[in-house]
Amino acid sequence: MRAGVKNKRRLFYARLRRWALLVLGVGMAAVASLRWIEPPTSSILLQVNLFAQPRLQNEPQTAQSSAWLAFDWQPWENISPYMGMAIIAAEDQRFARHYGLDFVELYKSLRERKNRRRGASTITQQVAKNLFLWKQRSYVRKILEAGLAVYIDLVWGKRRVLEMYMNIVQFGPQIYGVENASRHFFGKRAAHLNRHEAARLAAVLPDPNRRSAAAADAQVVQRQQWILRQMRRLGDIALLDQL
């Protein structure tokens, strides 16, 4: 009797492992396929569309609030190189050198936690979060984000990661992707952004709901000028040739 129970338990765990490996394999293949396939949407956009619409029947709906939000995907060659460089300068200056996780910045973040708030998320981690996960912070999300970031960096390559980031990141309230942001704030295609416009868009990150690329407030302008200096220090758009 006891031997029969043990055999059933072994059989159950064997099947569970097979299913877990199958799900993991399918998931890894799906993530890897996005190196060549344009994603139709992102996890963050789906959450915004499904849960951020007016919930009360008597709450007025505008055309903007009732519209389904989406990004206008543009390939690498249709985005100004100044935009990619501005993003690196603003968000992840070691982007070309790390493997999805930046342990140097992570150490600085932990060391300086008591003195000031400092983020350590790489561009790759932000792609993993925006594309597959959720906004709310938790240890579970950070663990999944870290694992995805390392895998994405390995199978996609730097240029694809940056291309994905520019297409899905939020640049303002209900404005996702660099093409939508460029048209909204500057009335032009993302391919035609100049150095200063790219730095202005990057200056609203990572808090596009509180900063605006349209408002020339002192904080945005100051950050824009800092980004321009960092772009020059990093070698400007020549750095993109290393990706």
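Its first residue numbered 482, the sequence shown is counted upward by one per residue in the working numbering.
Think of the CB as a built atom: it goes at the ideal place given N, C-alpha and C, for glycine as much as any other residue.
Of the residues L625, A680, Q655, I569, which one's Cα is nearest the Cα of V642?
It is I569 whose Cα lies nearest to the Cα of V642.
Hey, would you say R741 sits closer than 8 Å to Q700, going by beta carbons?
A query on residue 741 cannot be resolved here, the shown segment of the chain reaching from 482 to 724 and no further.
Thinking C-beta only, is V529 closer than 8 Å to L515?
For L515 and V529, no; Cβs fall outside 8 Å.
Rounded to whole angstroms, what is the Cα-Cα separation between L720 and M645?
L720 and M645: Cα-Cα distance of roughly 18 Å.
Note down the Cα distance separating R640 from Q606, rounded to an integer number of angstroms.
Cα to Cα, the separation comes out at about 15 Å.
Tell me which same chain residues have a C-beta within less than 8 Å of the C-beta of P556, skipping the five on either side of it?
If we look at P556 and ignore the five residues flanking it on each side, its Cβ neighbours are E644.
Rounded to a whole number of angstroms, what is the C-alpha to C-alpha distance between L527 and E519?
Computed Cα separation, rounded: 16 Å.
Excluding the 5 residues preceding and the 5 following I525 in the sequence, name in chain order all residues of the same chain whose CB lies nearer than 7 Å to its CB.
If we look at I525 and ignore the five residues flanking it on each side, its Cβ neighbours are N611, K616.
Quick one: grab the DSSP three-state call for G653.
Looking at G653 - three-state DSSP - the assignment turns out to be strand.
Flag this pair as touching only if the stretch 627-635 and the stretch 493-512 have three or more C-beta atom pairs under 8 Å; answer yes or no.
The stretch 627-635 is in contact with the stretch 493-512.
Check whether the stretch 560-569 and the stretch 676-694 are in contact - that is, three or more C-beta pairs closer than 8 Å.
Taking 8 Å as the limit for Cβ pairs, the verdict is that the stretch 676-694 does touch the stretch 560-569.
Distance check for F532 and G628, CA to CA, integer angstroms please.
Their backbone Cα atoms lie some 27 Å apart in a straight line.
Given this structure, state the Cα-to-Cα distance separating V507 from T522, to the nearest angstrom.
Straight-line Cα distance between these residues: approximately 19 Å.
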